[in-house]
Structure formats: C-alpha cells, structure tokens
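Heads up, the thing below is written out as structure tokens.
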Amino acid sequence: MSTTKLNSEYVVNNLLLIINNKLLGILDEIGTDYNIDSKDLIDKYCLTKDDLQDLTTSSTKRKKRKKRAILNDNDLCKAITAKNIRCSLRKSTGCELCLKHKNNIKFGRIDDNNFQDKEAFIKTKKEIIDGTEYLVDTDNIVYTFSTDLKNIKVLGKKVNNSVELHT
Ligand SMILES: [Zn+2]
C-alpha cells in the first residue's frame with residue numbers, strides 16, 4: 005500500500021465529494037430498509053478529511069465511532085419478538101410498530117396483558133445461602149449477586165437451602 009499522503013486540497017475535496025455522495029445514497033437506502041434514522045447514519049459514517057487521510061496512509065488508527073443513540077421507550081416498536089422480548093427497532097412514523105412488525109405480528113405486543121418481558125424483569129430476592137449472598141427467583145433459580153446488578157449469571161437451583169450448581 006502506498007504511503008504517499010494526498011496533499012492536494014483539491015484532490016482531497018473532490019474525492020470526499022464523490023465518496024460521500026455515493027455513501028449518502030447507500031446510507032439513505034439502509035435507513036429506509038432497516039428503519040433507522042438515515043440522518044444518524046450519515047452523521048456517523050460519512051467521511052471527513054481525516055478519514056480520507058487515514059485511507060491513504062497505512063494508518064491502523066480507527067475512527068472512533070459515536071455511540072448509537074439510546075432510543076427512548078416511546079420510540080421503540082411495541083412488538084414482541086420470537087425471543088419473547090420487546091423488539092429493539094425504532095417504531096415507524098405514525099405507528100407504534102417498526103417496519104418489520106407493522107404488518108406482521110407473530111408474538112403479540114408488549115401491551116398485551118399476559119406479556120412479561122423475560123429479559124427486563126426477573127423477580128428475585130436476595131438470600132444468604134451458606135454464608136454467601138445470592139439472588140433467588142420464585143422458581144428457586146439461584147443467580148450470582150452483585151451490588152451493581154450487572155453481569156448477573158444463573159448459578160443453579162436452590163435445593164434444601166443449598167445451591168445445587170448448574171452442570
Ligand atoms: Zn418491531
């Protein structure tokens with residue numbers, strides 16, 4: 005790979021124009037097809053002059069990607085997926101469902117009365133078994149306990165007040 009830098013302002017600007025024009029079209033299509041705000045995509049993936057310089061040097065430095073915007077509850081599709089969790093796609097304009105679920109709901113909606121988001125809520129209580137703190141749910145499934153409630157894992161089952169480990 006050539007390590008010659010593109011020094012000419014003129015060349016850089018024109019390349020940028022050509023590449024970004026092409027990118028704009030592609031990102032716009034992706035946005036429509038996958039129901040993502042294409043403005044976000046364009047913001048994130050269109051190239052800057054620095055990106056272009058990186059392409060022409062053998063730099064391994066990667067552009068820091070902006071974190072994906074966290075969607076508000078109100079912006080999310082209300083359909084339930086095959087995994088029995090809420091769909092994570094943005095709802096389409098004027099509708100409470102994303103494009104994928106708009107005309108095709110197989111597993112119901114989160115506002116159905118009997119839906120419980122398995123991923124979001126597992127009712128547990130803290131218990132001390134053999135001197136260690138665990139979380140135990142209503143089916144006596146034992147989880148690791150951590151104060152920040154992160155990285156909680158299933159350990160096993162509570163039987164006769166001790167933990168029978170998952171094998
Ligand atoms: Zn959906």
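Those letters in the sequence shown? Residues 5 to 171, by this note's numbering. The beta-carbon is built from N, C-alpha and C at its ideal position, and this holds for glycine as well. Note that the structure is a prediction, hence the values are computed from the model and not measured.
Residue span of the alpha helix (DSSP H) that contains THR136, given as start and end: That residue, THR136, is in no alpha helix (DSSP H); its beta strand (DSSP E) goes 136-141.
Tell me, to the nearest whole angstrom, how far the beta carbon of VAL158 is from that of TYR138; I am working on the premise that it is less than 8 Å. Contact between VAL158 and TYR138 does not hold, since the beta-carbon distance rounds to 11 Å and is not under 8 Å.
Coarse secondary structure for THR97, derived from DSSP in three states: Correct three-state label for THR97: coil.
Tell me whether GLU13 sits in a helix, a strand or coil according to DSSP, three-state version. Helix, per DSSP.
Taking the beta strand (DSSP E) that LYS129 falls in, what are its first and last residues? For LYS129, the uninterrupted beta strand (DSSP E) segment begins and ends at 128-133.
With a 10 Å radius around its C-beta and 16 neighbouring C-beta atoms as the bar for buried, classify HIS170 as buried or exposed. By the neighbour-count rule (16 or more Cβ atoms within 10 Å), HIS170 is not buried but exposed.
Residues bridged to TYR147 (per DSSP): DSSP output for TYR147 lists LEU139 and VAL158 as bridge partner(s).
Can you tell me whether LYS82 is buried or exposed, with buried defined as 16 or more other CB within 10 angstroms of its CB? Counting Cβ neighbours within 10 Å, LYS82 comes out buried, since at least 16 surround it.
Would you mind giving the Cβ-Cβ distance between GLY135 and VAL146, rounded to the nearest angstrom? I have them listed as a contact below 8 Å. That pair is no contact at about 14 Å.
DSSP puts LEU80 in a beta bridge; with which residues? LEU80 is bridged to ARG94.
With DSSP collapsed to three states, give me the class of LEU56. Three-state result, LEU56: helix.
If we ignore side chains and look at the alpha-carbon of each, how far apart do ILE23 and TYR38 end up? Using only the alpha carbons, I get a separation of about 22 Å.
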